[in-house]
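Peer 1: Sharing a structure, written as structure tokens. Questions coming.
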Amino acid sequence: MIPEAVPTAPGFEQVELFSTPASEYDALRNGAALVDRSARQRMIVAGAKAGDTLTGLLTSDVLALTPGTGQYAAALTSKGKIIADVRVFAREGDFLVDVAEAAAPGFATMIRKFVNPRLARYADASTILRTVGVFGPNSAGTIGLTLGIAVQTLRALSDYAHFAMDWGGNTLRVARTPDFGGDGFDIFVPVEAATALWSALEIAGATPVGRAAVNIARIEAGRPLWGIDMDENTLAQEANFDELHGISYTKGCYTGQEIVARVHFRGHVNRHLRGLRSTALLPGGAQLFSDDGKPVGEVRSATTSPSLGAIAIAMVRHEVAAASRLTVRWDGGETHAVVHELPFAP
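This is the structure we're talking about:
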């Protein structure tokens with residue numbers, strides 16, 4: 179059943195495993211994985227200037243959104259460093275915003291500091307909404323069977339597009355989300371209906387999956403996690419926000435824009451997130467060295483994938499080419515790894 183307490187892990191599920199790593203990974207890649215996503219903080223921003231306010235705080239063009247569409251974005255410091263990565267869903271009359279748990283305090287502080295309550299209202303919705311995700315090639319079919327939605331309707335949604343629907347007297351919001359590669363959907367559900375929805379999705383064939391398998395899928399998909407792969411010392415382009423479609427270069431001013439624009443017109447950052455493949459699990463924080471012994475980066479997230487072996491997301495110098503062989507060193511160990519473009523898997 180769905181975990182009773184809201185998870186405390188940094189951005190993904192508190193439950194490590196429901197069954198075995200192999201079966202849960204198989205559900206993510208070959209079936210329908212049922213994932214408690216409620217660790218993400220949910221916030222509602224409303225008011226006549228809600229769109230203008232968010233556009234002034236985020237790297238995406240929130241004013242370009244229409245109800246039923248959404249975006250991925252970053253909230254930055256004035257020096258262009260990432261406070262939080264943010265998903266924005268435009269609804270009729272307001273915006274539903276969510277962030278990874280580890281980034282939530284910083285984002286909430288930014289909102290309190292810069293949002294004028296006379297122009298835009300904001301409220302933490304984490305206590306009234308939970309987020310239940312279904313991911314994998316059978317996710318659309320499983321949700322369709324559970325909620326009575328045509329599979330074609332779900333598959334026609336673009337990334338972050340969403341719609342509201344009634345389910346047993348409760349209003350659900352179904353959004354397409356690319357967080358783990360391939361097909362995937364997040365369902366925002368009132369707290370009082372979350373357990374019933376979880377059970378119904380299980381009955382329809384979804385397999386409960388914990389954070390161990392989810393983390394593998396996230397790393398395969400090359401999706402950075404705030405607090406591990408990126409933080410308040412990371413520029414947006416260093417965390418691949420261009421590739422993740424999280425930056426608009428045609429919108430108006432926003433916090434950190436000057437730095438983002440300078441990097442863009444210069445052509446590249448000095449370092450950015452890349453993939454690594456190795457024969458052994460790489461410790462987070464391990465240092466990377468080129469053939470001539472120069473330090474060129476460090477390991478951030480790392481895991482062992484059932485299909486790809488030992489993989490990692492690392493911050494690597496820009497000049498290091500894909501397929502380069504690097505030496506990996508940490509306290510008490512050394513191995514080699516090969517640089518890989520992200521994502522590892524679609």
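Under my numbering, read the sequence shown as residues 179 to 524, first letter to last.
Here a beta-carbon is modelled for each residue, glycine too, at the ideal position from N, C-alpha and C.
Just so you know, these numbers come straight off a predicted model, no measurement behind them.
Starting from V277 and walking both ways along the beta strand (DSSP E), at which residues does that stretch end?
Peer 2: D272 to V277 is the extent of the beta strand (DSSP E) around V277.
Peer 1: Return the first residue and the last residue of the beta strand (DSSP E) that S377 is part of.
Peer 2: First-last for S377: V369 to I381, but that is the alpha helix (DSSP H), not the beta strand (DSSP E).
Peer 1: As an exercise, report each continuous beta strand (DSSP E) stretch of at least 3 residues that is fully enclosed by the stretch 197 to 245, in chain order.
Peer 2: 211 to 214 and 219 to 224
Peer 1: Can you find the residues in the same chain that come closer than 6 Å, C-beta to C-beta, to L231, ignoring five residues on each side of it along the sequence?
Peer 2: A quick correction: the sequence has Thr, not Leu, at residue 231. Here the set comprises V293 and A298.
Peer 1: Evaluate the contact criterion for the stretch 492 to 499 versus the stretch 362 to 374: three or more CB pairs, one atom per stretch, below 8 Å.
Peer 2: By the Cβ criterion, the stretch 492 to 499 is not in contact with the stretch 362 to 374, since fewer than three pairs of Cβ atoms, one from each stretch, lie closer than 8 Å.
Peer 1: Ends of the beta strand (DSSP E) at I425?
Peer 2: I425 -> no beta strand (DSSP E), and no H or E assigned at all.
Peer 1: Which residues mark the beginning and the end of the alpha helix (DSSP H) in which I306 is found?
Peer 2: Run containing I306: none; DSSP gives neither H nor E here.
Peer 1: In terms of alpha-carbon separation, which member of R269, A228 and A224 lies closest to P245?
Peer 2: R269
Peer 1: Should T233 and K429 be called a contact, given that it needs their Cβ atoms to be closer than 8 Å?
Peer 2: Yes, the Cβ-Cβ distance between T233 and K429 is below 8 Å.
Peer 1: Using the three-state DSSP reduction, which class does P283 fall into: helix, strand or coil?
Peer 2: P283 falls in the helix class under three-state DSSP.
Peer 1: Candidates A252, L235 and Y203: which alpha carbon is nearest Q415's?
Peer 2: A252
Peer 1: By the 10 Å Cβ neighbour count, where 16 or more other Cβ atoms means buried, how is D469 classified, buried or exposed?
Peer 2: By the 16-neighbour rule on beta-carbons within 10 angstroms, D469 is exposed.
Peer 1: Could you tell me whether the stretch 266 to 283 touches the stretch 404 to 413, using the rule of 3 or more Cβ pairs below 8 Å?
Peer 2: yes
Peer 1: Please name the residue in V277, Y432, V367 and N208 whose C-alpha comes closest to that of S485.
Peer 2: N208
Peer 1: Which residues bound the alpha helix (DSSP H) around Q249?
Peer 2: No alpha helix (DSSP H) contains Q249, which is instead part of the beta strand (DSSP E) from G248 to L254.
Peer 1: Does the pairing of the stretch 380 to 395 with the stretch 211 to 225 give three or more beta-carbon distances under 8 Å?
Peer 2: yes
Peer 1: Considering R444, what are the terminal residues of the alpha helix (DSSP H) in which it resides?
Peer 2: Q435 to R444
Peer 1: What would DSSP say about N411, mapped onto helix, strand or coil?
Peer 2: It is coil, neither helix nor strand.
Peer 1: Assuming the contact rule is C-beta atoms closer than 8 Å, S201 and S426 should be a hit. Round their C-beta distance to whole Å, please.
Peer 2: With a Cβ gap of about 41 Å, S201 and S426 do not count as contacting.
Peer 1: Thinking G359 and A399 are a contact (beta carbons under 8 Å), I'd like their distance in whole angstroms, please.
Peer 2: 3 Å
Peer 1: Taking R503 and H518 to be in contact with their CB atoms under 8 Å, please state how far apart those CB atoms are, rounded to whole angstroms.
Peer 2: Actually they are not in contact, since the Cβ atoms of R503 and H518 sit about 11 Å apart, beyond 8 Å.
Peer 1: Could you tell me whether the stretch 308 to 328 touches the stretch 375 to 384, using the rule of 3 or more Cβ pairs below 8 Å?
Peer 2: yes
Peer 1: I306: buried (16+ other C-beta within 10 angstroms of its C-beta) or exposed?
Peer 2: exposed
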